[in-house]
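Take a look at the structure set out below.
Numbering (my numbering), first residue to last: 1476 to 1736.
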């Protein structure tokens, strides 16, 4: 019995060691589709959003007057759900090879950020998942500093790209009221669950809505990542949500507020 057990376990151990030795890369992917206003009604029907409860959130982005963070490929964002603690994110997003990465940036696992089926952007993020409920509201009311939303590691990621950055120069883009549907939304022809976000932008009487459908998936190769993106966009098109357009909700948000300043 012992010999039979060894004869079974040993090949299994060797196989696992071979996988570790080969260091097979696991790629993180986020695949997104901006849904044009003409297709929002169809998306609501296809994903059965009217029959599911959305989580309400408040979202803010931050940048300087001259958008110096965006010029350095940095995105700062904070979210506050209605009934739990919030989170913040510092993200670097750019075309691969656009600029040299610092050691801090190199240490963060990259994620392929898809908005269309061609080459994706590459992003690296540091997240803080435990912002005290009510802190974002105090930042919006100018009772707290923006820097309090971001921990030391996140702030170091900013200064690695922008030395001597002054956090007091940040402006707020928002607050934006957001509805989020997770886990229960699916496309026919795509196995993974999708997340749906409906963003309600408003400033000085001007309004705009942004609908985005996205999914996160792991892949073992570039070919696998491309296959997942193609499958996602094909399923979305078949459901009547339209073609990918290279538009991201982040860019739409900044375009909206930029035109109102």
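C-beta: ideal position from N, C-alpha, C; glycine also. Please read all numbers here as calculations on a predicted model, not as lab measurements.
Item                                                                                                                    : Value
Backbone secondary structure at residue 1570 - three-state DSSP                                                         : coil
Residue 1726 - containing alpha helix (DSSP H), residue span                                                            : 1724-1733
Status (buried if at least 16 other CB within 10 Å, exposed otherwise) for residue 1571                                 : exposed
Check whether residue 1564 and residue 1552 have beta carbons under 8 Å apart                                           : yes
Touch test, the region 1588-1600 against the region 1710-1729, Cβ-Cβ under 8 Å, three pairs minimum                     : yes
Bridge-paired residues (DSSP) for residue 1687                                                                          : 1509 and 1672
Rounded C-alpha distance that separates residue 1660 from residue 1627                                                  : 36 Å
Through-space distance from residue 1619 to residue 1610, alpha-carbon basis                                            : 7 Å
Residue 1579 beta carbon less than 8 Å from that of residue 1631                                                        : yes
Environment of residue 1736 [buried if 16+ CB atoms lie within 10 Å]                                                    : exposed
Spatial neighbours of residue 1733 in its chain, beta-carbon cut-off 7 Å, leaving aside the 5 residues before and after : none
N- and C-terminal bounds of the alpha helix (DSSP H) containing residue 1614                                            : 1610-1615
Opening and closing residue of the alpha helix (DSSP H) in which residue 1634 lies                                      : 1627-1636
Bounding residues of the beta strand (DSSP E) (the contiguous stretch that carries residue 1598)                        : 1596-1606
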